Amino acid sequence: MAEEDNIRMRVYFYHHYLKSQLTFLTDPDEILTVSNTCLNKAYFYEFGKEYFKNGLITSEASIWRNHRKLLDVAFTQKVLDTFVDEMNAQTRVLVTNLNAQVGKGPFDVRHYLINYTLKTVSRTSLGLEAKDQTMIDETYADALEDLIKVYCERAQKIWLHLSCIYDRSSLRKKQDYLLKIMNKIIDTVIVRRRSDLKLNNYESTQCDKAKPGKFKPALDQILQLVDEHHVFSDEEIREHLDTFVAAAYDTTSGTLIYVLLAIGSHPEIQEKILKE
852 MAEEDNIRMR VYFYHHYLKS QLTFLTDPDE ILTVSNTCLN KAYFYEFGKE
902 YFKNGLITSE ASIWRNHRKL LDVAFTQKVL DTFVDEMNAQ TRVLVTNLNA
952 QVGKGPFDVR HYLINYTLKT VSRTSLGLEA KDQTMIDETY ADALEDLIKV
1002 YCERAQKIWL HLSCIYDRSS LRKKQDYLLK IMNKIIDTVI VRRRSDLKLN
1052 NYESTQCDKA KPGKFKPALD QILQLVDEHH VFSDEEIREH LDTFVAAAYD
1102 TTSGTLIYVL LAIGSHPEIQ EKILKE
């Protein structure tokens, strides 16, 4: 009985003061057993809910399961394979832009990688026309990076974990300012794409289901689900779009920066790449 009371006391302490209880598993079979029941995120993911809300990164398990099933169709391997041509086209532009800097001394590659990543996401996941591919620009990227810094700073300062303190801080004001910038950009993208799809009546756009070589962007998938099955609200559309853009931008541009840094630090590897 004493042992049970001890366990209850520990659970109470973790839940009310540390917000979470950590359990470490090392056995692969045990991990496989519990993997489908441990879907809720750690409490500090709540910090990002102001922006991502119920997007796939921060949503509760019940919402995540439902929305994940609906959105899976937009990210099958067959769909992703159709992105390759557009990715190659954007990569050629990136290489051309980088080549123009050769012999001019050191330069900041980040600017080029951000533009490359955002244009690629805009043309693939969002399905924007070439003339609209700069709608999500460095203004969005800078705001996103600053917002991530805000969330990281909040996570590091324990007293800011309390909403009653955080909501009165300058950090909260900065967060709200950044959110306005990003939401305005994403809302404009949704309105533009929805208008394009209505104008073309889902027949002459990249949204066609059966045409070989054509792909249906994730945003088009969502908008079509809304029109045909009424499964997402306008707010949920933006939440998922925020998640797609932020996840694609942050991971891709960050990885490319480190890859180029590693390659640049090893001339012998550069030679092997050139030979290939």
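Just so we're aligned, residue 852 is where the sequence shown starts under the working numbering, counting upward by one.
From the three backbone atoms N, C-alpha and C, an ideal C-beta is built for every residue, glycine too.
Treat the numbers as computed from the prediction; the structure is a model and nothing was measured.
Alpha-carbon to alpha-carbon, residue j and residue i
{"i": "G1115", "j": "Q1121", "result": "7 angstroms"}
{"i": "K1049", "j": "R1043", "result": "10 angstroms"}
{"i": "L949", "j": "N891", "result": "42 angstroms"}
{"i": "A951", "j": "A1098", "result": "29 angstroms"}
{"i": "T1094", "j": "F1083", "result": "15 angstroms"}
{"i": "K929", "j": "M938", "result": "15 angstroms"}
{"i": "S1014", "j": "L1111", "result": "40 angstroms"}
{"i": "S976", "j": "L1070", "result": "6 angstroms"}
{"i": "T1102", "j": "Y1109", "result": "11 angstroms"}
{"i": "T947", "j": "V953", "result": "10 angstroms"}
{"i": "T1056", "j": "D997", "result": "Low local confidence applies: a pLDDT of 48 at T1056 is under 50, so the model's placement there is unreliable, and no value is given."}
{"i": "D1027", "j": "Q1075", "result": "31 angstroms"}
{"i": "I1041", "j": "L931", "result": "21 angstroms"}
{"i": "L921", "j": "N905", "result": "14 angstroms"}
{"i": "N1051", "j": "V960", "result": "38 angstroms"}
{"i": "M852", "j": "R919", "result": "Only weak support is given to the placement of M852: the predicted model assigns it a pLDDT of 47, under 50, and the value that follows is read from those uncertain coordinates. Taking the straight line from one Cα to the other gives about 43 angstroms."}
{"i": "L1092", "j": "F934", "result": "18 angstroms"}
{"i": "D1085", "j": "L907", "result": "16 angstroms"}
{"i": "Y902", "j": "D936", "result": "32 angstroms"}
{"i": "I1073", "j": "L1107", "result": "29 angstroms"}
{"i": "S1020", "j": "E1004", "result": "12 angstroms"}
{"i": "V924", "j": "T877", "result": "33 angstroms"}
{"i": "H1080", "j": "F875", "result": "41 angstroms"}
{"i": "G1105", "j": "L883", "result": "30 angstroms"}
{"i": "I1009", "j": "H962", "result": "34 angstroms"}
{"i": "R927", "j": "D983", "result": "Here residue 927 is Thr; the residue named in the question, Arg, does not match the sequence. Cα-Cα distance, rounded: 25 angstroms."}
{"i": "W915", "j": "K1126", "result": "45 angstroms"}
{"i": "I999", "j": "D1038", "result": "20 angstroms"}
{"i": "A1113", "j": "N917", "result": "40 angstroms"}
Anticipated Cβ contact below 8 angstroms, residue i with residue j, distance rounded
{"i": "L1022", "j": "A994", "result": "Their Cβ separation, rounded to whole angstroms, is 15 angstroms, which puts L1022 and A994 out of contact at 8 angstroms."}
{"i": "Q941", "j": "T971", "result": "5 angstroms"}
{"i": "D880", "j": "E980", "result": "Rounded, the Cβ-Cβ distance is 50 angstroms, inconsistent with contact."}
{"i": "K900", "j": "T888", "result": "Contact flag wrong, Cβ pair sits at about 22 angstroms."}
Exposure label - residue i; buried when at least 16 CB within 10 Å
{"i": "Y1100", "result": "buried"}
{"i": "E1090", "result": "buried"}
{"i": "K1067", "result": "buried"}
{"i": "Y894", "result": "exposed"}
{"i": "I1124", "result": "exposed"}
{"i": "D1018", "result": "exposed"}
{"i": "R956", "result": "This sequence places Gly at residue 956; Arg is not what is there. Per the 10 Å Cβ criterion, exposed."}
{"i": "K1060", "result": "Annotation note: pLDDT 47 at K1060 (below 50); position unreliable, no value reported."}
{"i": "Q1007", "result": "exposed"}
{"i": "G978", "result": "buried"}
{"i": "P1118", "result": "exposed"}
{"i": "A912", "result": "exposed"}
{"i": "F898", "result": "buried"}
{"i": "L964", "result": "buried"}
{"i": "S886", "result": "exposed"}
Of the listed residues the options, nearest to residue i (C-alpha basis)
{"i": "T968", "options": "T909, K982, K1126 and E989", "result": "E989"}
{"i": "N817", "options": "I1016, I1088 and E1119", "result": "Residue 817 lies beyond the residue range present for the chain, which begins at 852 and ends at 1127; the question has no answer from this structure."}
{"i": "Y1002", "options": "Y991, A925 and K1025", "result": "K1025"}
{"i": "V944", "options": "F958, I882 and N966", "result": "N966"}
{"i": "K1031", "options": "S1020, E897, Y991 and T1106", "result": "Y991"}
{"i": "I1036", "options": "I987, Q1072 and D878", "result": "I987"}
{"i": "Y896", "options": "E1127, H1012, S1104 and H1080", "result": "H1012"}
{"i": "I973", "options": "Q1072, I914, A1113 and V1096", "result": "Note on identity: in this sequence residue 973 is Ser, with Ile being the wrong assignment. Cα-wise, what sits closest to S973 is V1096."}
{"i": "R1045", "options": "I1016, V1077 and S1020", "result": "V1077"}
Any non-hydrogen atom of the ligand MG within 7 angstroms of residue i CB
{"i": "T888", "result": "Looking for the ligand MG in the displayed structure turns up nothing, as the structure carries no ligands at all."}
Any chain C beta carbon closer than 8 angstroms to residue i
{"i": "P1118", "result": "No chain C is part of this structure, which consists of one protein chain only."}
4-residue-minimum alpha helix (DSSP H) runs that sit fully inside the stretch 880-913, ordered along the chain:
With a minimum length of 4 residues, the continuous alpha helix (DSSP H) runs that stay inside the stretch 880-913 are 900-903.
Which runs of the alpha helix (DSSP H), 4 residues or longer, sit entirely within the stretch 1002-1043?
If we require 4 residues or more, the alpha helix (DSSP H) runs fully inside the stretch 1002-1043 come out as 1014-1017.
Ordered list of alpha helix (DSSP H) runs contained in the stretch 912-968, each at least 4 residues
Listed in chain order, they are 912-922, 928-932 and 935-950.
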